[in-house]
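Note sheet for the following structure.
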Amino acid sequence: MTTPFVLAVPSKGRLQENAEAFFARAGLALAKPRGVRDYRGTIAGLDNVEIAYLSASEIASQLARGAVHLGITGEDLIRENIVDADKKVALIDSLGFGGANVVVAVPQAWIDVRTMADLDDVTTGFRAQHNRRMRVATKYINLTRGFFALHGVVDYRIVESAGATEGAPAVGTAEMIVDITSSGATLAANGLKVLDDGVILRSQANLVASRDADWSPEALETARVILDHIAARARANKYKEVRTRFAGCDAALLAEAHNRFGVVSPFGGPTSSGMITLHCPPAQLYALGSFLREHGADTVSVASLEYVLDRDNPLFSKLAAFLVQ
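Counted the way numbering that gives the first Met the number 0 counts, the sequence shown spans residues 0 to 324.
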């Protein structure tokens with residue numbers, strides 16, 4: 000019996016919704032045949048794929064163990080939970096949702112503390128005055144240690160946070176925090192500010208591959224199909240299709256259009272009748288249309304693209320290169 004290809008997806012909340020929508024846009028419909036409460040699912044048309052619905056942190060752990068082939072989780076969890084992460088997993092694609100920054104935040108009342116260098120001075124003085132180290136409340140122990148070491152801050156100790164980290168300074172369990180934030184509004188509401196150079200990591204959801212998964216030829220082929228869908232949709236999002244026909248359309252004109260508007264000619268130069276199909280960045284559509292009409296085109300049509308399948312798939316190439324390192 001063939002070992003299933005396991006794709007791990009967040010099991011709840013906005014991350015699950017966004018992940019399922021991401022795959023749906025790529026033509027990969029996730030389903031739960033045994034009901035919405037089931038923690039296993041499928042992809043229509045890919046019989047050997049098993050969807051594992053897990054928490055985002057568990058997905059990071061399972062990727063490290065090689066228990067899943069691909070998974071969607073935040074880069075913050077990858078960097079925090081996996082030692083030497085770049086040797087064990089590959090960030091194949093940034094997905095554009097689940098964005099949050101891991102930051103160092105201190106009380107707004109510390110008006111003279113704006114940078115990590117300022118924090119180093121304050122922590123040293125605090126220890127000399129109080130004979131103890133300043134406390135940092137966080138769930139991101141490894142990221143905190145690495146970042147503080149990078150900035151030479153040593154006079155602190157970590158208090159592992161199990162609840163709402165941003166409330167720790169107010170209740171007196173820590174002097175400062177390391178936590179995630181999207182807008183900074185929650186930090187500000189709790190009287191905290193982010194240091195000017197205190198962004199440890201700008202994180203978002205990523206499609207991540209595990210080096211230690213069972214990458215059989217069948218698994219690689221399944222990954223290629225999945226990544227083909229994703230890459231085709233991503234390329235389609237970058238362009239609109241522009242079509243026109245006129246006698247003055249030649250290679251020199253297309254070269255100028257490429258240089259000025261970033262267009263590509265996916266099917267080569269114009270036909271004998273002057274028909275040409277171009278892919279154009281959306282922001283350049285009007286400028287390109289004006290350019291083509293100035294040079295003789297009577298009609299320029301624009302259409303949306305659903306998928307653009309190229310011979311080369313940069314996502315699969317990234318996976319293949321990672322697995323042979």
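Think of the CB as a built atom: it goes at the ideal place given N, C-alpha and C, for glycine as much as any other residue.
Bear in mind the structure is a predicted one, so any value in this text is a computation, not a measurement.
Bounds of the beta strand (DSSP E) holding THR41 are 39-42.
For ALA286, the closest alpha carbon among the candidates THR276, GLN61 and VAL299 is that of VAL299. Collapsing the DSSP output to three states places GLY98 in coil.
Around the beta carbon of SER209, a 10 Å sphere encloses 16 or more other beta carbons of the protein chains shown; the residue is thus reported as buried. When DSSP states are grouped into helix, strand and coil, ASP178 belongs to the strand group.
Of the residues ASN312, GLU305 and TRP214, the one whose Cα lies closest to the Cα of LEU62 is TRP214. In the pairwise beta carbon analysis, the region 164-184 is classified as not touching the region 76-94: fewer than three pairs are separated by under 8 Å. ALA18 sits in a helix when the DSSP states are folded into three classes. The C-alpha of LEU90 is placed about 15 Å away from the C-alpha of GLN324. For HIS278, the enclosing beta strand (DSSP E) has its first and last residue at 274-279. ALA116 and TYR155 have their C-alpha atoms roughly 14 Å apart.
Excluding residues up to 5 positions away in sequence, GLU49, ALA51, VAL67 and HIS68 lie with their Cβ nearer than 6 Å to the Cβ of VAL5 in the same chain. The region 137-145 makes no contact with the region 216-233, as fewer than three CB pairs between them are under 8 Å. The DSSP-derived three-state label of ILE110 is coil. Sequence-distant Cβ neighbours of GLY97 in its own chain, meaning closer than 7 Å and more than five residues away, are LEU14, ASN17, GLY73, GLN203 and ALA204. Exposed is the label assigned to MET274, since fewer than 16 other Cβ atoms lie within 10 Å of its Cβ.
For the 9 Å CB-CB criterion, ARG113 and ASP195 form a contact. Across the set SER160, ALA163 and LEU206, the C-alpha of LEU206 shows the shortest separation from the C-alpha of ILE77.
When DSSP states are grouped into helix, strand and coil, ALA28 belongs to the coil group. The alpha carbon of SER264 has as its nearest neighbour, out of VAL241, PRO281, ALA246 and GLY247, the alpha carbon of VAL241. The count of Cβ pairs closer than 8 Å, one atom from the region 154-170 and one from the region 23-31, stays below three, leaving the stretches out of contact.
Take PHE315, set aside five residues on each side of it, and the residues of its chain with a beta-carbon closer than 8 Å to its own are ALA222, ARG223, LEU226, ASP227 and ALA230, in chain order. Within the same chain, and ignoring the five residues on either side of ARG132 in sequence, the residues whose Cβ sits closer than 8 Å to its Cβ are THR122, PHE125, ARG126, ASP154, TYR155 and ARG156. Around the C-beta of ASN130, fewer than 16 other C-beta atoms lie within 10 Å, and the residue is accordingly described as exposed.
The alpha carbon of ALA251 has as its nearest neighbour, out of SER303, LYS239, GLY267 and PRO9, the alpha carbon of GLY267. Residue state for ALA302 is assigned as strand, using DSSP reduced to three classes. The alpha-carbon separation between GLU174 and GLY190 amounts to approximately 12 Å.
In this structure, DSSP gives TYR238 a state outside helix and strand, which the three-state scheme calls coil. In the three-state DSSP reduction, GLY166 falls in the helix class (H, G or I).
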